[in-house]
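Q: First the structure, which I've put down as structure tokens, then a few questions once you've had a look.
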Amino acid sequence: MGRGPSIEGRKNAEDAKRAKVFTKLIREITIATRGGVPDPNGNPRLRAAVDKALAANMTKDTIERAIKRGSGAEGGADMHEIRYEGYGPAGTALIVDCVTDNQVRTVADVRAALNKLGGNMGTTNSVAFQFTRVGQVVVHTGGDADVESKLEEAAIENNAEDIVIENGVGTVLLASDPIAVEAMRKALVAAGFEVEGSDVVMRPNGPLVTPTGEALEQFEKLLERLNALDDVDEVYHNAVLPAHDADEA
Numbered sequence: 350m351g352r353g354p355s356i357e358g359r360k361n362a363e364d365a366k367r368a369k370v371f372t373k374l375i376r377e378i379t380i381a382t383r384g385g386v387p388d389p390n391g392n393p394r395l396r397a398a399v400d401k402a403l404a405a406n407m408t409k410d411t412i413e414r415a416i417k418r419g420s421g422a423e424g425g426a427d428m429h430e431i432r433y434e435g436y437g438p439a440g441t442a443l444i445v446d447c448v449t450d451n452q453v454r455t456v457a458d459v460r461a462a463l464n465k466l467g468g469n470m471g472t473t474n475s476v477a478f479q480f481t482r483v484g485q486v487v488v489h490t491g492g493d494a495d496v497e498s499k500l501e502e503a504a505i506e507n508n509a510e511d512i513v514i515e516n517g518v519g520t521v522l523l524a525s526d527p528i529a530v531e532a533m534r535k536a537l538v539a540a541g542f543e544v545e546g547s548d549v550v551m552r553p554n555g556p557l558v559t560p561t562g563e564a565l566e567q568f569e570k571l572l573e574r575l576n577a578l579d580d581v582d583e584v585y586h587n588a589v590l591p592a593h594d595a596d597e598a
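In the working numbering, the protein residues as written are 350 to 598.
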């Protein structure tokens, strides 16, 4: 009778996954710091990066070291932001945002992932027109109708352009200006809402693509592979994917 992975083996795998997540978060904090001031209260992008790090249980000491590195206080490699565009299985459109200290390595890794799993690299602006840069603030509503109604009112009062509520989560959409996003986040927190995160993202304009069968399997493997790359910060796409149970994986 076969035996499953040991507790130690599972822990090692979880630790490795956590380390990858932390590597990406630290790079985002570093870049955000270099693009503004080293104070989350005065740097909306840094505020969003720090919020993500705290949500991932990163320690405050680690966050502070990343901020110091970004401000030049602790040196470090010269990091750059770079965006790649391409296509996945079933004609899906992909935007892959990266943070890297070696662009040659990064483009090779992204291209290899696309080529191996039914996609191909596109040129600049080949798919970007299918997306819109928007600000968003994500709020946990718990499916409570009263909370959702109050959220809609508060969002509108603070100049939201739209709000989408699905499965107990409300996503407030607004201008892509990071300052506007931070102002909305503060307003909703002050109103007593449980804010899960805030950021500027690329949202697909439509029409969306629904891959099925082998194309769906390949596309999900492609997303997994891209997100596993250390240099990849975010992957945006226009695919409709089936929901998976939390214990599937």
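For every residue, glycine included, the Cβ atom is placed at its ideal position computed from N, Cα and C.
#1: With distances taken from CA atoms, which of Val558, Val487 and Leu571 is nearest Lys535?
#2: According to DSSP, is Asp596 part of a helix, a strand, or is it coil?
#3: Kindly indicate which residue of Arg383, Arg574 and Thr372 has the alpha-carbon position closest to the one of Lys401.
#4: Which residues in the same chain as Ala592 place their Cβ atom closer than 8 angstroms to its Cβ, once the five residues preceding and following it in sequence are excluded?
#5: Please classify Ala391: does DSSP put it in a helix, a strand, or coil?
#6: Please classify Leu575 as buried or exposed, where buried requires at least 16 neighbouring CB atoms within 10 angstroms.
#7: Let me know the secondary structure DSSP gives Pro591 once reduced to three states.
#8: Measuring straight from C-alpha to C-alpha, what distance separates Ala598 and Lys570?
#9: Rounded C-beta distance between Asp446 and Asp582? I'm assuming under 8 angstroms.
#10: For the candidate residues Val538, Val589, Val584 and Ala539, whose alpha-carbon lies nearest to that of Val459?
#11: Compute the Euclidean distance between the alpha carbons of Gly391 and Arg383, then round it to the nearest angstrom.
#12: With 8 angstroms as the threshold, decide whether the Cβ of Arg394 is near any Cβ in chain B.
#13: Assuming Glu531 contacts Pro393 under a Cβ cut-off of 8 angstroms, what Cβ separation, rounded to an integer in Å, is found between them?
#14: Going by other Cβ atoms of all chains shown within 10 Å of its Cβ, with 16 needed for buried, is Pro556 buried or exposed?
#15: Could you please give me the residues that DSSP links to Arg376 through a beta bridge?
#16: If you scan the stretch 510-579 from start to end, which runs of the beta strand (DSSP E) of 3 or more residues do you find wholly inside it?
#17: Where does Val476 sit, in a helix, a strand or coil, going by DSSP?
#18: Do Gly491 and Gly519 come within 8 angstroms of each other at the CB atom, strictly closer than that value?
#19: To the nearest angstrom, how far is it from the Cα of Ala540 to the Cα of Gly385?
#20: Can you grab the Cα-Cα spacing for the pair Thr482 / Asp511, in whole Å?
#21: Using a 10 Å radius around the Cβ and a threshold of 16 neighbouring Cβ atoms, would you call Gly419 buried or exposed?
#22: Assuming the contact rule is C-beta atoms closer than 8 angstroms, Gly468 and Tyr433 should be a hit. Round their C-beta distance to whole Å, please.
#23: Using alpha carbons as the reference points, say which of Ala577, Pro389 and Ile505 lies closest to Lys417.
#24: Got a sec? Which residues, its chain only, sit under 8 angstroms from Leu500 by beta carbon, not counting five neighbours each side?
#25: DSSP three-state label for Val399, please.
#26: So, using beta-carbon positions, are Gly546 and Ala404 closer together than 8 angstroms?
A: Straight from the coordinates:
#1: Val487
#2: The predicted position of Asp596 is uncertain, since its pLDDT is 45 and thus under 50; a value taken from the coordinates is nonetheless stated next. Looking at Asp596 - three-state DSSP - the assignment turns out to be coil, as it is neither helix nor strand.
#3: Thr372
#4: none
#5: Note that residue 391 is Gly in the sequence shown here, rather than Ala. Here Gly391 sits in helix by DSSP.
#6: buried
#7: coil
#8: Since pLDDT at Ala598 reaches only 42, below the 50 mark, its modelled position is unreliable, and no value is offered.
#9: 5 angstroms
#10: Val584
#11: 13 angstroms
#12: As a matter of chain content, chain B is missing from the structure shown, which is built from one protein chain.
#13: 4 angstroms
#14: exposed
#15: DSSP output for Arg376 lists no bridge partner at all.
#16: 511-515, 518-523 and 543-553
#17: coil
#18: no
#19: 28 angstroms
#20: Strictly speaking, residue 482 in this sequence is Arg, with Thr absent from that position. When rounded, the distance between both Cα atoms is 14 angstroms.
#21: buried
#22: No, Gly468 and Tyr433 are not in contact; Cβ-Cβ is about 11 angstroms, not under 8 angstroms.
#23: Pro389
#24: Val488, Thr490, Ile512, Ile514, Gly519, Val521, Leu537 and Phe542
#25: helix
#26: yes
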